[in-house]
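Q:
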Amino acid sequence: MKASKKTLASLIVIGFLLILAACGGDDSVNGNNEGAEEGSANKITIFQSKVEISDQLQALAKEYTEETGVEVEVVGTTGDDYFQQLQIQLNTDQGPSIFSLQHVKEAEKLESYLYDMSDEDYVANIAPNMELALDGKVVGVPYGVEGFGLVYNKDLVSPEDVADLDSFVSTLEKLNDEGINGLGLAQDAYFLIGHISNYPFSIQDDHFEFIDQLSAGEVTMAETPEFQEFGEFFDAIKANTKNPLDVTYDEEIGDFATGKTAMIHQGNWAYGMLEEYDLDFEVGMLPFPLNGNDKLAVGVGNNWAINGTKDESEIQAASDFINWLVSSEVGQRYIVEEFGFVPAMTNIEANDLDPLSQAVFEASNSGETIPWAQNYYPANVVPNDMTPAAQDFFLNEEMTGQEFIENLDVAWQKSVK
Amino acid sequence: MAKRKNWGWYALFVVPLLVIFVTVVIVPFIIGIFYSFFEWDGIRSNPMMPVGIENYIQLFSDSRFLDSAWITIKFTVLAVIAVNVVGLTFALLVTSKLRTANIARTFVFMPYLIGGLLLGYIWKFVFSDVFVMIGEWTGLDTIFFNWLMHPDYALYALVIVFTWQMAGYIMIIYIAGIQSIPGEVIEAAKIDGASLWQRNRRIIFPLLMPSFTISLFLTLSLGFKIYDTNLSLTGGGPANATELFAMNIYNEIFGYANYGYGQAKAVIFFIIIAVISLTQVYITKKREVEMQ
Amino acid sequence: MKRAGKISQEVLLFIVALLFLSPIYIIIVNSFKDRQSLYENVLAFPDSFSLEYYAQAMEKMNFMSALGNSLYITIISVIIIVILSSMTAWMLARNDNILSRIIFMGFIATMLIPFQTIMMPLIQLMNNIMGATGIPMLNSREGLIFMHVGFNSAISVFLYHGFVKSIPISLEEAATIDGASKFGIFWRVIFPILKPITVTVLIINVISIWNDYLLPSLVLRDTALRTIPLSTFYFFGEFTIQWNLAMAGLMLTIIPIVIFYASAQRHIIEGIGEGAVK
Chain A
0 MKASKKTLAS
10 LIVIGFLLIL
20 AACGGDDSVN
30 GNNEGAEEGS
40 ANKITIFQSK
50 VEISDQLQAL
60 AKEYTEETGV
70 EVEVVGTTGD
80 DYFQQLQIQL
90 NTDQGPSIFS
100 LQHVKEAEKL
110 ESYLYDMSDE
120 DYVANIAPNM
130 ELALDGKVVG
140 VPYGVEGFGL
150 VYNKDLVSPE
160 DVADLDSFVS
170 TLEKLNDEGI
180 NGLGLAQDAY
190 FLIGHISNYP
200 FSIQDDHFEF
210 IDQLSAGEVT
220 MAETPEFQEF
230 GEFFDAIKAN
240 TKNPLDVTYD
250 EEIGDFATGK
260 TAMIHQGNWA
270 YGMLEEYDLD
280 FEVGMLPFPL
290 NGNDKLAVGV
300 GNNWAINGTK
310 DESEIQAASD
320 FINWLVSSEV
330 GQRYIVEEFG
340 FVPAMTNIEA
350 NDLDPLSQAV
360 FEASNSGETI
370 PWAQNYYPAN
380 VVPNDMTPAA
390 QDFFLNEEMT
400 GQEFIENLDV
410 AWQKSVK
Chain B
0 MAKRKNWGWY
10 ALFVVPLLVI
20 FVTVVIVPFI
30 IGIFYSFFEW
40 DGIRSNPMMP
50 VGIENYIQLF
60 SDSRFLDSAW
70 ITIKFTVLAV
80 IAVNVVGLTF
90 ALLVTSKLRT
100 ANIARTFVFM
110 PYLIGGLLLG
120 YIWKFVFSDV
130 FVMIGEWTGL
140 DTIFFNWLMH
150 PDYALYALVI
160 VFTWQMAGYI
170 MIIYIAGIQS
180 IPGEVIEAAK
190 IDGASLWQRN
200 RRIIFPLLMP
210 SFTISLFLTL
220 SLGFKIYDTN
230 LSLTGGGPAN
240 ATELFAMNIY
250 NEIFGYANYG
260 YGQAKAVIFF
270 IIIAVISLTQ
280 VYITKKREVE
290 MQ
Chain C
0 MKRAGKISQE
10 VLLFIVALLF
20 LSPIYIIIVN
30 SFKDRQSLYE
40 NVLAFPDSFS
50 LEYYAQAMEK
60 MNFMSALGNS
70 LYITIISVII
80 IVILSSMTAW
90 MLARNDNILS
100 RIIFMGFIAT
110 MLIPFQTIMM
120 PLIQLMNNIM
130 GATGIPMLNS
140 REGLIFMHVG
150 FNSAISVFLY
160 HGFVKSIPIS
170 LEEAATIDGA
180 SKFGIFWRVI
190 FPILKPITVT
200 VLIINVISIW
210 NDYLLPSLVL
220 RDTALRTIPL
230 STFYFFGEFT
240 IQWNLAMAGL
250 MLTIIPIVIF
260 YASAQRHIIE
270 GIGEGAVK
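Structure follows, in structure tokens:
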């Protein structure tokens, strides 16, 4: 009994010693913070969702501090809970000076927090139609452009194999007979249905108008020819490929990298993962041939926005940082080389891109692209409503593509109600 | 005089914790109830429109919510049974004189040490890879397939993972209970020739009633509140078949941005589970044998 | 014969326990693999046990700073929780009046509230308190400790309360006659008897506070204040999870707590057979 008391006591003592040690280590950091906070515009905070660039952004912030003396704190969170965190942070007085927004729906929600950047110089360099705009005001600068399409193995597929619905179907069938999975999707919401669902919207003459009409109930997907053909694509995918609900994102990439899958529906971001494998074939990116579509879907995944509720000096400091990011040599080098983005600014050169980013970059420069309609979808319709409908479709053997489209109509109405 | 002094002691012992507790839990909860009477998207600077009890009325025709509530109850019942049976069995085994008891106790408790999301991801590997592999080897592919793909089995998968994680926790509580039973009582029963089952049934279980109260209540509350594992293991799928209650509210509040409506759901569900759980506590408490 | 039965029981228990532990195998082996080998076979043994990913994970997580924060927050919170909730539970259990019952019901009823439903009002309230009083509730470790105490008080009071009721009241009466104050009775007579349940309360609180992600993620913003679970966010990208680093990070998170559990467990063992009440 006595011995046990002694050990308990020593455990507590050890604990306290560790605390003291930790506190000692922290002091220098805290000291710095306090010093900087005295002049308010000497410090800005960035809260952003793309975890992949956290380290690099921190390094960049350091360089900025060395150059200008303004301290930049980069705060991150996991990709999944970013927006909810942002919302809660903004509801306190602790909100960041700069934060990231994915699309106009998020911007609408946070409208009262957004600083109008329209008059800033750097806005002029944003590639046409790539800025985040709300009611004619520019409220966000794109991180870069991203594109998705059919990422294909050049040894197994050639462009004419997937030029339209018929060739697409016969290619899937042929590959299936050879024991190769023709097209890989994955179970995650955006890889299962989110990205691929763009096509029937994006090839409409005016996808904004179409989406408005759809939300208002004036048109339905089930009666729109592009969607009917999209349903046929899904019939072919279900009949001839591995059930995507059984495939994680990692497996989708792994199957493709090892030649078990001939094509995956993915974006240029996937190259980072492909690089970790020893690829023994060339990869490329092809348009998804819905209605004979021959353009890649290119858009902006994330934008920098400035918190307009901060005091003027902090807003100015935030704006200066963004200007430096997209205009200075260091900032531009980081965007292309360190972040690995395809630049969405006309004043940034890009060399040595990976093959997928190169395809996106070329498409984007030549203007041969279709837009990301998903940026105009009702908020969270993809994970909340479209994904369950797609899961239903892939689980239920009997369900046809047309029925699936009808279910998507139902899902859509649920999210706009 | 003595009475007032007693109240002074009472306040001294209870008030500090109560103040913290009320600030951190009760007040935010009441604010939440207040929000449930508004239509609001959860952004401070956006308008809040008072809608009276409309959010509450709307609830009863929301089939996704009703489904979710039903699945949550089903899950919780299964989980409570599984966790307590496994936890109690291990508690009885590891307090016996077996030499491997110590190491077994450590092993069983280990899963509880792992918190958070990664746990669900790991089990995803188990179901999608290990289960499928076992199915192929043994030919029992009607039992061993990827459970996460099947609307019913996905829920059972969640029960298994929850049991795996929580059984060690509940085991600890049963162990504490078993330890508080005087050794002489059990020895006396042994000498009287009572069998293992008789000793359990007649002596240990009745004396364990306080532990039952605690364990049942804890598993009920943990089951009702499950979120992390739900998110990382099934994400609510397939086709919303495993969208448990906390996730449904979370999606309503942060997904659909219906803050007020989400809070109304939270209030209603709180009332339902409070009634269920407090009834359980009341019943089991009544059966507790106070040791004097 | 009896001996053989006993041995088979031993072996059986060991195997079942091992089976229970087996999913952790996946964490360990995959903390040593690159993406390609993980894809090829999740269950396979790694080619080498190089600590490369651990070193990387520690560096990215800024491990020593995070460890210091986690220790500070967990230890202080748990000490406060044990002191306050044991006192409260004892008073509530020994003064069985209507007020005690309401307070006790209040504690246990709130254990049914999912944290997700109150987190936003909570943070707003803390922000307002901070604005009104200047006390740094948000973005400070002490503010987080305050909230941890609040959230974990219910379960702790609940556990102590059940245990106190099994202690014979005669012990306290004897001490009262000797003229000891309530304070003295509690700390000299009652608290030592509570030891088995204190160990349980300690273990449960240490684990839940140590592993908590959501609350600290809302409260702590400064990089320098991050706890260990918060630091692992780097491995969960927008599109990709860096499995090897995430698994190594998870191992780094649970190793301190396994050490803690292993040392605390000895106190549970001591209690066996001894009984709480002599």
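Chains as they are written, first to last, in numbering that gives the first Met the number 0: chain A, 0 to 416; chain B, 0 to 291; chain C, 0 to 277.
All residues carry an ideal CB built from backbone N, CA and C; glycine is no exception.
#1: For the stretch 45-68 of chain C, which residues have a CB atom closer than 9 Å to at least one CB atom of chain A, in sequence order?
#2: Ignore the nearest five residues each way along the sequence and tell me which others in G274/C's own chain have a CB closer than 8 Å to its CB.
#3: Using the Cα positions of I225/B and V148/C, report the straight-line distance between them to the nearest angstrom.
#4: Looking at the secondary structure, which residues open and close the beta strand (DSSP E) in which G146/A lies?
#5: Indicate whether T231/C and M272/A have their beta-carbon atoms separated by less than 8 Å.
#6: Going by alpha carbons, who is nearest to T111/C out of G235/B, L87/B, V24/B?
#7: Put K4/A into one of helix, strand or coil per three-state DSSP.
#8: In angstroms with no decimal places, state the Cα-to-Cα distance between A256/B and G75/A.
#9: Spatial neighbours of I252/A within its chain, please: C-beta separation below 7 Å, excluding the five flanking residues on both sides.
#10: For the stretch 72-114 of chain C, which segments carrying the alpha helix (DSSP H) assignment without a break, of at least 4 residues, lie completely within its bounds, in sequence order?
#11: Take the Cβ of M104/C as the centre, count every other Cβ of all protein chains shown within 10 Å, and call the residue buried at 16 or more, exposed below.
#12: Kindly indicate which three-state DSSP category M132/B falls into: helix, strand or coil?
#13: Check whether the Cβ atoms of L112/B and V257/C lie closer than 8 Å to each other.
#14: What residues in the stretch 98-115 of chain C have a beta carbon less than 9 Å from any beta carbon of chain B?
#15: Going by beta carbon distance, what residues of the same chain come within less than 6 Å of S67/B, once the five residues before and after it are set aside?
#16: If you draw a straight line from the alpha carbon of K4/A to that of I107/C, how long is it in whole angstroms?
#17: Taking C-beta to C-beta, are N425/A and L171/A nearer than 8 Å?
#18: Would you kindly work out how many angstroms separate the C-alpha atoms of S53/A and P387/A, rounded to a whole number?
#19: Identify the contact partners of W136/B in chain C, using a Cβ-Cβ distance below 9 Å as the criterion.
#20: Would you tell me roughly how many angstroms separate the C-alpha atoms of S111/A and V50/B, rounded to the nearest one?
#21: Three or more beta-carbon pairs under 8 Å between the stretch 153-169 of chain C and the stretch 184-199 of chain C, yes or no?
#22: Since S152/C meets chain B, which of its residues come closer than 9 Å, beta carbon to beta carbon?
#23: Just to confirm, is the Cβ distance from L59/A to L89/A under 8 Å?
#24: Could you please give the first and the last residue of the uninterrupted alpha helix (DSSP H) stretch that includes S122/B?
#25: Give the straight-line distance between the Cα atoms of L229/C and V409/A, rounded to the nearest whole angstrom.
#26: Does any residue of chain D bring its CB to less than 8 Å from the CB of P181/B?
#27: Using 8 Å as the limit for Cβ to Cβ distance, is L207/B near chain C?
#28: Along the alpha helix (DSSP H) that carries E288/C, what are the first and last residues, could you check?
#29: At which residues does the alpha helix (DSSP H) containing P387/A begin and terminate?
#30: Quick test of your reading: L352/A and P158/A, contact by CB under 8 Å. State the CB separation rounded to the nearest angstrom.
#31: Decide if D211/C is buried, meaning its Cβ has at least 16 other Cβ atoms within 10 Å, or exposed.
#32: Compute the Euclidean distance between the alpha carbons of K152/A and L184/A, then round it to the nearest angstrom.
#33: Do G230/A and Q401/A have their C-beta atoms closer together than 8 Å?
#34: Is M344/A helix, strand or coil when you go by DSSP?
#35: Flag G254/B as yes if its beta-carbon sits less than 8 Å from any beta-carbon of chain A, otherwise no.
#36: Rounded to whole angstroms, what's the CA-CA distance from A100/B to L11/C? Just pull it up for me.
A: Let's see:
#1: So the close ones are K59, M63, S64, L66, G67, N68.
#2: The sequence position of residue 274/C within the third sequence is 275, counting from 1. The pLDDT assigned to G274/C is 37, lower than 50, so where the model puts this residue is not dependable; a value taken from the coordinates is nonetheless given after this. The answer is none, since no qualifying residue turns up.
#3: Position 226 of the second sequence, counted from the first residue, corresponds to residue 225/B. Position 149 of the third sequence, counted from the first residue, corresponds to residue 148/C. Take the alpha-carbon of I225/B and the one of V148/C: they are about 21 Å apart.
#4: Within the first sequence, the letter at position 147 stands for residue 146/A. Start and end: 144-152.
#5: Counting from one through the third sequence, the residue named residue 231/C turns up at place 232. Counting from one through the first sequence, the residue named residue 272/A turns up at place 273. Result no, Cβ atoms of T231/C and M272/A do not sit closer than 8 Å.
#6: Here residue 111/C is taken as the residue at index 112 of the third sequence, counted from 1. Correcting the residue identity first, residue 111/C is Leu in this sequence and not Thr. When only C-alpha atoms are compared, the closest one is V24/B.
#7: Numbered from its first residue, the first sequence carries residue 4/A at position 5. A caution first: K4/A carries a pLDDT of 46, below 50, which makes its placement in the model unreliable, though a value can still be read off. The answer is helix: DSSP assigns K4/A an H, G or I state.
#8: Taking the first residue of the second sequence as position 1, residue 256/B is located at position 257. Taking the first residue of the first sequence as position 1, residue 75/A is located at position 76. Computed Cα separation, rounded: 22 Å.
#9: Translated into the one-based positions of the first sequence, residue 252/A becomes position 253. Taking I252/A as the centre and dropping the five residues before and after it, the same chain places the C-beta of A269, M272, L273 closer than 7 Å to its C-beta, in chain order.
#10: Correct list: 97-109.
#11: For the purposes of this step, residue 104/C is identified with residue 105 of the third sequence, where counting begins at 1. By the beta-carbon neighbour count (other beta carbons within 10 angstroms, threshold 16), M104/C is exposed.
#12: Within the second sequence, numbered from 1, the residue matching residue 132/B stands at position 133. Three-state result, M132/B: helix.
#13: Counting from one through the second sequence, the residue named residue 112/B turns up at place 113. Counting from one through the third sequence, the residue named residue 257/C turns up at place 258. In contact: L112/B and V257/C (Cβ atoms closer than 8 Å).
#14: Listed by position, the residues of the stretch 98-115 of chain C near chain B (Cβ gap below 9 Å) are L98, S99, I102, M104, G105, F106, I107, A108, T109, M110, L111, I112, P113, F114, Q115.
#15: The sequence position of residue 67/B within the second sequence is 68, counting from 1. Excluding the 5 residues flanking it on each side, S67/B has same chain C-beta neighbours closer than 6 Å at E242, F244, N247, in chain order.
#16: Counting from one through the first sequence, the residue named residue 4/A turns up at place 5. Counting from one through the third sequence, the residue named residue 107/C turns up at place 108. Low confidence applies here, because K4/A scores a pLDDT of 46, under 50, leaving its location unreliable; read the following figure in that light. Taking C-alpha positions only, K4/A is separated from I107/C by approximately 32 Å.
#17: A query on residue 425/A cannot be resolved here, the shown segment of chain A reaching from 0 to 416 and no further.
#18: Here residue 53/A corresponds to residue number 54 of the first sequence, with the count starting at 1. Here residue 387/A corresponds to residue number 388 of the first sequence, with the count starting at 1. Going from the Cα of S53/A to the Cα of P387/A covers about 32 Å.
#19: In the second sequence, residue 136/B corresponds to position 137, counting from 1. What W136/B touches in chain C: nothing, since even the nearest Cβ is about 13 Å away.
#20: Here residue 111/A corresponds to residue number 112 of the first sequence, with the count starting at 1. Here residue 50/B corresponds to residue number 51 of the second sequence, with the count starting at 1. Rounded to whole angstroms, S111/A to V50/B spans 23 Å at the Cα level.
#21: Contact between the stretch 153-169 of chain C and the stretch 184-199 of chain C is present, because at least three Cβ pairs lie under 8 Å.
#22: If you number the third sequence from 1, residue 152/C lands on position 153. By Cβ distance, chain B contributes L16, L17, I19, F20, V23, V24.
#23: Sequence index remark: in the first sequence, residue 59/A carries index 60 (1-based). Sequence index remark: in the first sequence, residue 89/A carries index 90 (1-based). No, these two residues do not count as a Cβ contact at 8 Å.
#24: As a first step, residue 122/B must be located in the second sequence, where it is residue number 123. As written in the sequence, residue 122/B is Trp, which differs from the Ser given in the question. Start and end: 117-124.
#25: The residue given as residue 229/C occupies position 230 in the third sequence. The residue given as residue 409/A occupies position 410 in the first sequence. Taking the straight line joining both Cα atoms gives about 39 Å.
#26: You won't find chain D in this structure, because its protein chains are A, B and C.
#27: Sequence index remark: in the second sequence, residue 207/B carries index 208 (1-based). Closer than 8 Å to the CB of L207/B there is not a single CB belonging to chain C.
#28: Residue coverage of chain C in this structure runs from 0 to 277, which leaves residue 288/C outside it and unanswerable.
#29: Numbered from 1 along the first sequence, position 388 holds the residue referred to as residue 387/A. Counting along the chain, the alpha helix (DSSP H) containing P387/A begins and ends at 386-394.
#30: Translated into the one-based positions of the first sequence, residue 352/A becomes position 353. Translated into the one-based positions of the first sequence, residue 158/A becomes position 159. In this structure L352/A is not in contact with P158/A, their Cβ atoms being roughly 20 Å apart against a cut-off of 8 Å.
#31: For the purposes of this step, residue 211/C is taken as residue 212 along the third sequence, with counting starting at 1. Buried, since its Cβ has 16 or more Cβ neighbours within 10 Å.
#32: Translated into positions along the first sequence, residue 152/A becomes position 153. Translated into positions along the first sequence, residue 184/A becomes position 185. Sequence inspection shows Asn at residue 152/A; the Lys mentioned does not correspond to that position. Between N152/A and L184/A, the C-alpha separation is close to 15 Å.
#33: As a first step, residue 230/A is located in the first sequence; it is residue number 231 there, counting from the start. As a first step, residue 401/A is located in the first sequence; it is residue number 402 there, counting from the start. With contacts defined as CB atoms closer than 8 Å, G230/A and Q401/A qualify as a contacting pair.
#34: Residue numbering aside, residue 344/A sits at position 345 when the first sequence is read from its first letter. M344/A falls in the strand class under three-state DSSP.
#35: Locating residue 254/B in the second sequence gives position 255, where the first residue counts as 1. Yes - at least one Cβ of chain A is within 8 Å of the one on G254/B.
#36: The residue given as residue 100/B occupies position 101 in the second sequence. The residue given as residue 11/C occupies position 12 in the third sequence. For A100/B and L11/C, the distance between alpha carbons rounds to 11 Å.
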